[in-house]
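Beneath this line is the structure, given in structure tokens, with notes to follow.
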Amino acid sequence: MRKRSALCVSLATKRNRKHGGEMSKRRLNYGRMSAETADRVAAVTSGRPSTPLQTSWFEFLLDGSLLEKHLQKPNADPTPVQLIIQFLEQASKPSVNEQNQVQPPADNRRNRTLKLLALKVAAFMKWDLDALEKGLTIPVLNMLLNELLCVSKVPPGVKHVDLDLSTLPPTTAMAVIIYNRWAIRTIVLSSFPEKQTKPGPHQMNMLSIVQQEKEMTENILTVLKEQATDSISVLEGALQLKKDFYVHTLRTLDLLAADAAANGETESSTAGLRISADELHCQVHYDLGGIFFQQGCTDQTAYEKARDHFRQTKELLTKLDSPIHVHLDEKRLAGYWNACKALSEDCDLSDSQNTPYNQINSMIRAHNYQAVIEAFIKDNVCRSLPNNFRRSVLREFLYKVQQGESSLDDVCYKLCVCNAVRDALEGEVLSVRFQQLLLKPSKRMVDFILEVCTLSLEKDRPSETSRRHMATFIKTLCETLEELPLLFVVSSHKLFMELLKEEERKVLVEQLRKRSATINLSAKPLPSFYDIPASASVNIGQLEQQLILSLEPRRIRQILIELHGMAERPFWRVNSKWEVPPDYINVILGIKDNLTKDLVYILMAKGLHCISIKDFAHARQLFSACLELVTEFSPKLRQVMLNEMLLLEVRAHETMAAEGSKERPPPDLVSRVRGYLEMRIHDLPLRQVVGEECVAFMLNWRENDYLTLQVPPSLVMNNPYIKIGQLLASTCKELPGPKECRRTAKELWEVVVQICSVSIQHKRNNDGRVGLIKHRESSMGILPRSKFITFIKKLREPLVLTTLISLFVRLHSIVRDDIVNEVTAEHLSIWPSTLANIQAVDVEAVAVTVKELVSYALTLNPNNQSWLITQADIYFVTNQYSAALNLYLQAGAVCSDFFTKAVPPDVYTDQVLKRMIKCCSMMNCHTQVAVLCQFLREVDYMTAFKALQEQNSHDAMDTFYEYIWDVTILEYLTHIHHKRGETEKRQIAIKAIGQTELNTSNPEEVLQLAAQKRKKRFLQAMAKLYF
């Protein structure tokens, strides 16, 4: 017992040292001093009364009777809510096992006792949710109430809404009610705005803890909101019960701890603290009213439900003489009640008990706005309505005016005046809105202001304060108004005479005389700020903005006509983003009429912009208007617009095809494309991109006969895109027979090699030797490489792309000269195997082009097995083994329905399989290597055995044994595990080899089926790993 006391004192000292304070520092020092020194210090400091030691949480574990004694103290330290936090914090601490792994809190006697102690503290507080919510965070209170449900034997796994409260034991039913009351109260409280506390420098290390708690709170709130309907149903069911309720006390919780007695007494009808049905119903009605009021912003009928619940709350409060277990804010209840009456349209003006709030709201709903103004004027005398309410009414009317109810303008300015007079009487600063009203005054407004001032003063004897404040307001009015007639109206009013002192009146009158002397009354009065007409520059700016935004041709023409009527300048320069092709700029700017020039330029620029953002409908409207305009005066520009409209239709159709449309282009569009390619008009500006897109269009829609047979030879010689298109079409047309297509393939090969070649200069070095200098910027081909790549990326036809990929793969293999690591592709045999001038070819450009071309092709069709194998080979030869294996597996998956069928042998050739084996080997996945060695036409036992000898394997090792069907490899596995003493793995290998379907005496068909089954399962497992 002495050891236990010493332990308590030691831990208590540590706890106080952690929390700081002068006494804790002193005790800490005593621990380090001699006994004599400690006594001397204690004697010196004994004049000040010592702070009592705070009771630590573990002391309540050691002494079962200590909790109740502690809670009975008037100023218990720690407080009840602090105790709950400490108990639950200790009970939910994760533990660490021998392997230093974090484990969830253990379900042991200590933790169960701590949770029970937390419940006993809450029971001492009589389950007052107000007090618990103020002191505990949402996660802690959630933990506490879930523990209450647990000890109250609420059936686990059953929704509360499915429980029949009338059949449950009283304490169990009450636990369900308390939890669901807390649930809806928490939803309501979480909707209130809350100021976030900023952590100081000393709190920065707590940020992660705060963030964790915030995330936990948000998760709990999400669940509570999802279950809100169920919680409401549970509480509505509780209102149907007319019997008294019982809730756990310290005694019943003690009985629960003793299992023998718990089942009997705690479930009886008299166990626990009795709460009358009226008290519980009163509290539940209040809580339900709160949640329905919160839901009213999205569901108007919820306000009526809230009003009914608050009415019953008021009735039950009146009925209960001195409620003990009802904890609600009566001021908030009154506010809820008034708000519900206003929002649910349940106000009767004849009701004598009607509040001013309800009367105002009823007048607004009845559209009796004059009555609202009169009520505001009367309130200026009695001042029963708060200023924020009066301002909110004004804001409501202003909002209606903004929504288009201009008839309420008059009501708005009158309410604004009423509020300004009220502010003046209370000595407040006048609102900005009222001061804005005075900028545009009228005699009617001034008369109304004076009328409100007169009616707002007490009739019998106004107080001195009211008189002084009103006099200040009148003076301010005189100083603000600038129009003399209105000033004379104010200065001649009786309030001016009665409220202002004689000296003040003289000063103001003198100011009026000076002001009138400086104004020439015979002159025309200056217009107010609001009546000044907009300048011409403002109008031009507004029209230019409309010109930039408009896409309607008629409106653009109308705006330009107005602008040219106001100023003569080139309006095609208004927006720097308006651009037309350089090929056309001289023709357009050569138009003599400035209006027509601006119109043509802007229509074309806007149409081209619409095409770039794929807004083809507006582009057609703009180009059609432009075509109609230029047809009248320029045949050259007419043909330009016809060419641009052709490009528009081509791009529109290609965009549809790229989005999945299979519809072929109409014959009319194909014939227009042919007509463009054959067109020869002297001195007509042609954009090369139009020809480029037309050739790509013909290739994409397999118009190979036209490109190979019908294109005029002169066109082929002059247009590089047509030449490339013709060669591609010819090669693709003859592809089934390699011998027939070799002539055209050779021509295409030579053109592409020239595009990828660079000029070479010989230069003698300082040592006399001749060196080579390559100029990469100077291409020797019919097209620069960058433009060739741009053209390729407009092609979609798979055969054309396959042909180009095949060509570049062969070229790449020749310039790299690496037989072992060659990239593979289809139709490689049609291309030449040597290059005459290999030094001129830009190796880097070829490598980049291959990668770009294959990547682009796979964006069009990611399931093309040939392209996938080529891309995988590219990754393989550049040592990107993981990416290569991923693509090899993808190629197998797409041609076998995700390995549900056998992969065709022309896809997984021995070369592909060997590359997959090398990929696995380079990634240290040696068991996968052994399995893949079986896939070869002749099993590669040497590679498999070498792989299985490796002990540093990064794959799952023995989990892959079930995919091995070769008995020789399995026997080797058994031997090697026996040799290493790996008993478990040896047993797995023996189990695999012992399967009947692998018996070598089986027919060949059975063995083949067993192998195919394991192949499929292994490849599926690999796909899950690498996809």
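Here the sequence shown stands for residues 11 to 1037, numbered as in the working numbering. We put the CB at the ideal spot given by N, CA and C, even for glycine. If you're wondering where the values come from, they're calculated on a predicted model, not measured in any experiment.
Our two residues, GLU664 and ALA706, have alpha carbons roughly 10 Å apart in a direct line. For VAL131, the enclosing alpha helix (DSSP H) has its first and last residue at 119-134.
By the neighbour-count definition (other C-beta atoms within 10 Å, threshold 16), SER843 is an exposed residue.
Of the other Cβ atoms in all chains shown, fewer than 16 fall within 10 Å of the Cβ of ALA627; this residue is therefore exposed. In its chain, beyond the 5 residues on either side, VAL91 have a beta carbon closer than 6 Å to the beta carbon of GLY145. Between the region 990-1007 and the region 934-945 there are fewer than three C-beta pairs closer than 8 Å, too few to call the two in contact. In the DSSP secondary-structure assignment, SER66 is not bridged to any residue.
Short of 8 Å from the beta carbon of MET666, and not among the five residues preceding or following it, lie these beta carbons of its own chain, in chain order: GLU673.
Residue pairing from DSSP places GLN113 in a beta bridge opposite SER105. Residue nearest to ALA352 within the set PRO366, LYS341 and MET153 is PRO366 (criterion: CA-CA distance). Residue ranges of uninterrupted alpha helix (DSSP H) with 4 or more members, entirely inside the region 661-718 and ordered along the chain, are 677-688 and 698-710. In this structure, the CA atom of VAL949 is about 34 Å from the CA atom of ASN871.
Here VAL825 is not bridged, per DSSP, to any residue.
DSSP lists SER767 as the bridge partner or partners of VAL851. For PRO114 and ASN156, the gap between their C-alpha atoms comes out near 17 Å. Taking the Cα of THR812 as reference, the smallest distance to any Cα among VAL726, ARG753 and LEU745 is reached at LEU745. In this structure, THR323 sits away from ALA133, with a CB-CB distance that is not shorter than 9 Å. The continuous stretches of alpha helix (DSSP H) do not include PHE255, which lies in the beta strand (DSSP E) extending over residues 255-257. In the same chain as THR880, and ignoring 5 residues on each side of it, the C-beta atoms closer than 8 Å to its own belong to ILE815, VAL819, VAL833, THR834, ALA835 and VAL864, in chain order. Annotation for ALA855: CYS766 and ARG795 place their beta carbon closer than 7 Å to its own, counting only its chain and skipping 5 residues before and after.
A distance of 9 Å or more separates the beta carbons of VAL244 and LEU158. Every alpha helix (DSSP H) of 4 residues or more that sits fully in the region 450-537 is shown, in chain order, as 453-466, 474-490, 494-501, 504-509 and 512-527. In this structure, LEU98 and MET153 form a Cβ contact; the two beta carbons are roughly 5 Å apart against a cut-off of 8 Å. In terms of Cβ geometry, ILE459 and ILE301 do not form a close pair [threshold 9 Å]. Per DSSP, reduced to three states, the secondary structure at ARG284 is strand.
Remark: C-beta atoms of LEU878 and VAL904 approach each other more closely than 9 Å. The C-alpha of GLN380 is placed about 37 Å away from the C-alpha of VAL198. Distances from the CA of TYR731 to each of PRO84, CYS742 and ILE802 were compared; the closest alpha carbon is that of ILE802.
With fewer than 16 other CB atoms across the displayed protein chains lying within 10 angstroms of its CB, ALA344 is exposed. Under the three-state reduction of DSSP, PHE908 is assigned to coil, being neither helix nor strand. Straight-line spacing of the CA atoms in TYR891 and GLN900 works out to 14 Å. In the DSSP annotation of this structure, the continuous segment of the alpha helix (DSSP H) that includes TRP192 starts and ends at 180-200. When secondary structure is reduced to three states using DSSP, ASP339 falls in the coil class, being assigned neither helix nor strand. In chain order, HIS295, LEU298 and GLY299 place their CB closer than 6 Å to the CB of HIS319, counting only its own chain and leaving out the 5 sequence neighbours on each side.
In the three-state reduction of the DSSP assignment, GLN305 falls in the helix class.
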